[in-house]
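Trainee:
Numbering (the numbering used here), first residue to last: 1 to 180.
(1) Quick one: residues in its chain with C-beta nearer than 8 Å to the C-beta of residue 30, no 5 flanking neighbours on either side, listed in chain order?
(2) Could you give the distance in angstroms between the alpha-carbon of residue 133 and the alpha-carbon of residue 160?
(3) Thinking C-alpha only, which one of 65, 59, 25 is nearest residue 51?
(4) Determine the direct distance from the alpha carbon of residue 79 to that of residue 65, and round the result to whole angstroms.
(5) For the alpha helix (DSSP H) containing residue 132, name the first residue and the last one.
(6) From 74, 36, 150, pick the residue whose C-alpha is nearest to that of residue 107; which is it?
(7) Since residue 87 and residue 123 should fall inside the 8 Å C-beta cutoff, what is the C-beta to C-beta distance between them, to a whole number of angstroms?
(8) Using only alpha-carbon positions, find the residue among 63, 154, 70 that is nearest to residue 33.
(9) Check for me: the alpha helix (DSSP H) holding residue 27 runs from which residue to which?
(10) Residue 82: buried (16+ other C-beta within 10 angstroms of its C-beta) or exposed?
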């Protein structure tokens with residue numbers, strides 16, 4: 001079985017991609033990727049599965065019992081463990097503070113964290129689960145003085161942003177739309 005992030009549905013009986021048998025050694029390493037430093041990957045408890053000499057997939061740890069996995073050869077995501085609502089990397093930061101950035105992707109969260117020199121940055125699991133994810137960690141999010149929503153500029157991302165913004169006081173939430 002597997003969880004589809006685009007449709008937010010569980011698919012029973014689907015083959016889980018990423019668990020093909022191999023005779024090569026398998027290791028999990030903290031590695032930089034796409035401009036994200038090793039230090040940032042460590043902060044976010046993110047590891048790369050290496051099979052032999054091939055970087056196979058990246059594990060985004062949500063909790064001790066759940067990780068979202070991205071295959072590197074082709075952009076495919078799946079869950080290891082039991083999926084439950086919540087924000088990615090929420091446990092990497094203490095509640096409260098001046099500002100929190102919420103992105104729509106795990107790599108986006110790491111990029112924002114680096115670009116802002118360490119501003120706490122978390123991610124929803126997908127645009128389709130944004131409201132549910134933020135509700136699960138509402139007290140944490142609302143503990144910050146300023147909340148910056150920085151979802152993808154596409155229709156699903158902005159629809160999710162418009163659904164999330166009214167959850168907070170109007171004078172503490174900001175929607176940043178990056179074009180590119």
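Using N, Cα and C, we set each Cβ at its ideal position, and we do this for glycine too.
Mentor: In short:
(1) Closer than 8 Å at Cβ, skipping near neighbours: 38, 41, 42, 46, 47, 48.
(2) Rounded to the nearest angstrom, the two C-alpha atoms are 11 Å apart.
(3) Per the Cα distances, 25.
(4) In a straight line, the C-alpha of residue 65 is about 10 Å away from that of residue 79.
(5) For residue 132, the uninterrupted alpha helix (DSSP H) run begins and ends at 130 to 136, by DSSP.
(6) For residue 107, the nearest C-alpha among the options comes from 36.
(7) Approximately 7 Å separates the beta-carbon atoms of residue 87 and residue 123; this is inside 8 Å, confirming the contact.
(8) With distances taken between Cα atoms, residue 33 lies closest to 70.
(9) In this chain, residue 27 is not harboured by any alpha helix (DSSP H); it is covered by the beta strand (DSSP E) spanning 26 to 29.
(10) Here residue 82 is exposed: its Cβ has fewer than 16 other Cβ atoms, across all protein chains shown, within 10 Å.
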